[in-house]
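A.B. asks:
Chains as they are written, first to last, in the working numbering: chain W, 23 to 352; chain D, 23 to 352.
(1) Give the interface partners of residue 254(D) over in chain W, defined as CB-CB distance under 8 Å, in chain order.
(2) Would you call residue 154(D) buried or exposed, if buried means 16 or more other Cβ atoms sit within 10 Å of its Cβ?
(3) Taking only beta-carbon positions, decide if residue 81(D) is within less than 9 Å of chain W.
(4) Rounded to whole angstroms, what is the Cα-Cα separation between residue 21(W) and residue 202(W)?
(5) Residues of the segment 144-163 of chain D in Cβ contact with chain W at a cutoff of 9 Å, in chain order, please.
(6) Residue 108(D) lies in the beta strand (DSSP E); which residues open and close that run?
(7) At 8 Å on the CB atoms, spell out the chain D contacts of residue 250(W), in chain order.
(8) Go ahead and label residue 85(W) buried or exposed: buried means 16 or more other beta carbons lie within 10 angstroms of its beta carbon, across all protein chains shown.
(9) What is the residue span of the beta strand (DSSP E) that residue 233(W) lies within?
(10) Quick check on the DSSP output: the alpha helix (DSSP H) that includes residue 176(W) runs from which residue to which?
(11) So which residues on chain D does residue 207(W) lean against when the C-beta distance must stay under 7 Å?
(12) Between 190(W), 132(W) and 258(W), which lies nearest to residue 297(W) when the distance is taken from Cα to Cα?
(13) So is residue 272(D) in contact with chain W if we call contact Cβ pairs under 9 Å?
(14) Taking the straight line between their C-alpha atoms, what separation do you get for residue 188(W) and residue 270(W)?
(15) Closer than 9 Å, CB to CB, is residue 92(W) near chain D or not?
(16) Of all the CB atoms in chain D, is at least one closer than 9 Å to the CB of residue 350(W)?
(17) Which partner residues does residue 324(W) have in the DSSP bridge list?
(18) For the segment 27-52 of chain W, list every residue whose C-beta sits within 7 Å of some C-beta in chain D, in sequence order.
(19) Give me the Cα-Cα distance between residue 125(D) and residue 150(D), rounded to the nearest whole angstrom.
(20) Going along the chain, which unbroken runs of the alpha helix (DSSP H) with 4 or more residues stay wholly within the segment 62-140 of chain D?
(21) Is any beta-carbon of chain D found at less than 9 Å from that of residue 177(W)?
(22) Comparing the C-beta of residue 323(W) with each C-beta of chain D, is any distance below 9 Å?
(23) Would residue 78(D) and residue 101(D) qualify as a contact pair, given that the criterion is a beta-carbon distance under 9 Å?
(24) Given that a residue counts as buried once 16 or more other Cβ atoms are within 10 Å of its Cβ, and exposed if not, what is residue 191(D)?
(25) Going by the beta-carbon positions, is the gap between residue 34(D) and residue 72(D) smaller than 9 Å?
(26) Secondary structure at residue 200(W), three-state DSSP: helix, strand or coil?
(27) Just the chain D side, please: which residues come within less than 8 Å of residue 310(W) by C-beta, in chain order?
(28) Whose C-beta lies closer than 8 Å to the C-beta of residue 64(W) among residues of the same chain, with five residues either side of it excluded?
(29) Can you find the residues in the same chain that come closer than 7 Å, C-beta to C-beta, to residue 165(D), ignoring five residues on each side of it along the sequence?
(30) Strictly below 9 Å CB to CB, what residues from chain W border residue 317(D)?
(31) Alpha carbons only, please: which of 67(W), 325(W) and 236(W) is nearest the one belonging to residue 168(W)?
(32) Consult DSSP for residue 273(D) and reduce its assignment to one of helix, strand or coil.
(33) What is the DSSP secondary structure of residue 35(W), counted as helix, strand or coil?
(34) Mapping DSSP to helix, strand and coil, what is residue 289(D)?
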């Protein structure tokens, strides 16, 4: 295992300390229990959005804490759910009096622990469960579809609505709508290596790829020979289209997400392939996002997400955001 | 070789097409010769900044074209200098009548071709050569020190000055000053693989790293056993400090740059180590930048850059910027 670390036990803490120090103008970090909140403190009278999940997917979720997006993020150890006390403490820290919305990726551990935190909640609260991964219907760590890179769109769009003063039920319903309008699929060219394990999570031959891989290295649809970028994009866009059934002329956000070990040059090449396929299918790419946002440690590969947009969600996507990983208009 | 590509010959073109499509609000791409300019066209009455170099370092330089930073970027093939006709055409496209400033990383091919382009120039022009890499005094492709991640600081700070109306000589002198105030050093845990070569540029054993590596995989100071992050950071910060000799209490920008194959989690951990070392040395980290900005294809590893800041360069760093890869205040 080749990693820039000091010890397996301190990876998360040291990485979060670095993150908080580098972005002290945007976030504040608490330890014991561990959570990240906006530097400015709770926002009075507005719904507070909290997400979380295992570490190893950076910048998700702590990188999305800030004005116009999340109010708090609770990172677990690498690929391990955070605990209910983290979410409970985060909720107490960001509660602005208008309710708490949990945004939870559909993995059994996350779902269970966020549910326990919800039971501990004193004020009004609601949950949005994301399950945008169209690759498989159930997986190693999930009953039902996995929540992957489409979670970013839910966090951004609902974050903008909360900032504008939307109430808890409006935020929850909007989150469900964005999740339902989002489809994702991934491909791995290599495995990731979890620091505590020290060896690759799975093995791929030099000429193989895993189509439909999960963001923890879970199996996808099939293991096949490495194909050309155009063919990979065609299978991914095809599967997403089949799931979303966009109307001709539908507007969409096209997101090509790197898993951590793939250079930007290849991500833009994949974007080029995917954008052409969208145009061929009559989908209008109204907005784009290319880069490493929902990663899987050092895995080589990428995912493609399409989020169908209406006038409201497009406007909320464009609204100002100031986080460590996503920033415009501020 | 495992890459998300269609063919080795079309990597650059397809990747640039994707980049231009994803950021059509910010940039415009020309082919034959290849260059990227701001979508808004030339800025009348202001100095125009042009940079360029081999591809494979994305988002450098095309990702830094936009308001408050570069006016044009000329990408060559992977790790290959662009040609003088690219710079000449780019200069004609962005000339606002106040002169052209070339920002050139110190590699023999780049230096020669930008010099030829300068000879072709019709109006006033000047050049800033960056050579911030403190690892080695000369290298495979350079007479003298290499220009690496510190180039970003030159482009950002001079870009802000040009935007504010600074004249050509002021921009040139400022660029020299920022370059002289910047020191960088890199470490590789793995080699990169150039698509046209198909095999790794160099070989590292499973327990080895290359201290002081160049951004094309050029040899560094020495090949040693993989060390802990704190020790790696200490050697890098030590070398940079020795070069810059900052006064006690000096303000600096601390930049941890990923080479393309290293996850953000490790980059923030390295930032944490480096920031502590700066504090120990009496350097005040006034600004931070962590992420993949000056990459080496899929190389695992990172570089650390320190840029000493004065009141003027700090203010120019903070000035609004709207590019694909760096954006704030817009």
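Note that beta-carbon positions come from the ideal geometry of N, C-alpha and C, so glycine has one too.
These numbers come from a predicted model, not from an experiment.
C.D. replies: Working from what's here:
(1) Correct list: 26.
(2) Looking at its Cβ environment, which holds 16 or more other Cβ atoms inside 10 Å, residue 154(D) is buried.
(3) At least one chain W Cβ lies under 9 Å of residue 81(D).
(4) This structure cannot speak to residue 21(W), because chain W is shown only from 23 to 352.
(5) Flagged: no residues at all.
(6) In the DSSP assignment, residue 108(D) falls outside any beta strand (DSSP E) and within the unbroken alpha helix (DSSP H) covering 106-116.
(7) Residues of chain D passing the Cβ test: 27, 28 and 29.
(8) By the neighbour-count criterion, in which 16 or more other beta carbons inside 10 Å mark a residue as buried, residue 85(W) falls on the buried side.
(9) 230-233 is the extent of the beta strand (DSSP E) around residue 233(W).
(10) For residue 176(W), the enclosing alpha helix (DSSP H) stretches over residues 172-185.
(11) Chain D residues near residue 207(W): none, gap ~14 Å exceeds 7 Å.
(12) Looking at the Cα atoms, 258(W) is the closest of the given residues.
(13) Taking Cβ atoms only, chain W never reaches closer than 9 Å to residue 272(D), which makes this a no.
(14) One C-alpha to the other measures close to 31 Å.
(15) Not closer than 9 Å to any Cβ of chain D, the Cβ of residue 92(W) fails to qualify, so no.
(16) Yes, residue 350(W) lies at the interface with chain D (some Cβ there is under 9 Å from its Cβ).
(17) Per DSSP, the beta bridge partners of residue 324(W) are 209(W) and 280(W).
(18) Of all residues in the segment 27-52 of chain W, those with a C-beta nearer than 7 Å to a C-beta of chain D are 27, 28, 33, 36, 37, 39, 40, 41, 43 and 44, reading in chain order.
(19) C-alpha separation (whole angstroms): 5 Å.
(20) Counting whole runs of 4 or more residues, the segment 62-140 of chain D contains the alpha helix (DSSP H) stretches 106-116.
(21) It does not; no Cβ of chain D falls within 9 Å.
(22) By the rule that beta-carbons nearer than 9 Å mark a contact, residue 323(W) touches chain D.
(23) In contact: residue 78(D) and residue 101(D) (Cβ atoms closer than 9 Å).
(24) The residue in question, residue 191(D), is exposed, as its Cβ has fewer than 16 Cβ neighbours within 10 Å.
(25) Not a contact, by the Cβ cut-off of 9 Å.
(26) Helix at residue 200(W).
(27) Listed along the chain, the chain D residues whose CB falls inside 8 Å of the CB of residue 310(W) are 43, 44 and 45.
(28) Hits under 8 Å: 70, 93, 115, 116, 117 and 118.
(29) The residues are 130.
(30) Neighbours of residue 317(D) across chain W, judged by C-beta separation under 9 Å: 285, 286 and 287.
(31) Among 67(W), 325(W) and 236(W), the Cα nearest to that of residue 168(W) belongs to 236(W).
(32) Residue state, collapsed to three classes: strand.
(33) DSSP, read as helix, strand or coil, puts residue 35(W) in helix.
(34) Of the three classes helix, strand and coil, the one that applies to residue 289(D) here is helix, per DSSP.
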